[in-house]
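**Q**
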Amino acid sequence: MKKLWIFWWSANAFWIVIFAAGTAFVWLRDVDGAGVTQTPELKLVAFIVLLVAFIIPLIIQIVWLIVNLKKGREN
1 MKKLWIFWWS
11 ANAFWIVIFA
21 AGTAFVWLRD
31 VDGAGVTQTP
41 ELKLVAFIVL
51 LVAFIIPLII
61 QIVWLIVNLK
71 KGREN
C-alpha cells in the first residue's frame with residue numbers, strides 16, 4: 001500500500017513541476033512561436049489553455065487518490 005502512495009505523490013510532484021514550468025514559460029515570454037508580441041491578455045488566454053490541458057491529469061490523479069483511499073480502508 002505504501003508503494004501506491006509513494007507513486008501517487010511522485011506523480012503529483014511531476015505534474016506540479018511541469019505545470020509550474022509551463023506557467024513560467026507562458027508568463028515570461030515576450031513573443032510566441034508565431035512572432036506575436038504577448039500582451040497580458042494573450043498570456044492569460046495561453047495560461048487558460050494550459051490549465052485546461054492539465055485538467056485531464058488532475059482527474060486521473062483524483063481517481064487514483066480515491067482508489068488509494070479505498071484500498072487503504074480494506075487493509
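The sequence shown begins at 1 in UniProt numbering and counts up one residue at a time.
Backbone N, C-alpha and C fix where the C-beta goes; we use that ideal spot for every residue, glycine too.
Can you list, in chain order, the residues of its chain whose CB lies under 6 Å from that of A46, leaving out five sequence neighbours each side?
**A** If we look at A46 and ignore the five residues flanking it on each side, its Cβ neighbours are V26.
**Q** Determine, using beta-carbon pairs with one atom in the stretch 49 to 58 and one in the stretch 11 to 23, whether at least three such pairs fall under 8 Å.
**A** These segments touch.
**Q** Work out the CA separation of F19 and V36 for me, nearest whole Å.
**A** Near 23 Å, if we compare the C-alpha coordinates of F19 and V36.
**Q** When you compare only the Cα positions, how much space is there between E74 and N68?
**A** The alpha-carbon atoms of E74 and N68 are separated by roughly 10 Å.
**Q** Give the straight-line distance between the Cα atoms of W64 and K3, rounded to the nearest whole angstrom.
**A** Near 13 Å, if we compare the C-alpha coordinates of K3 and W64.
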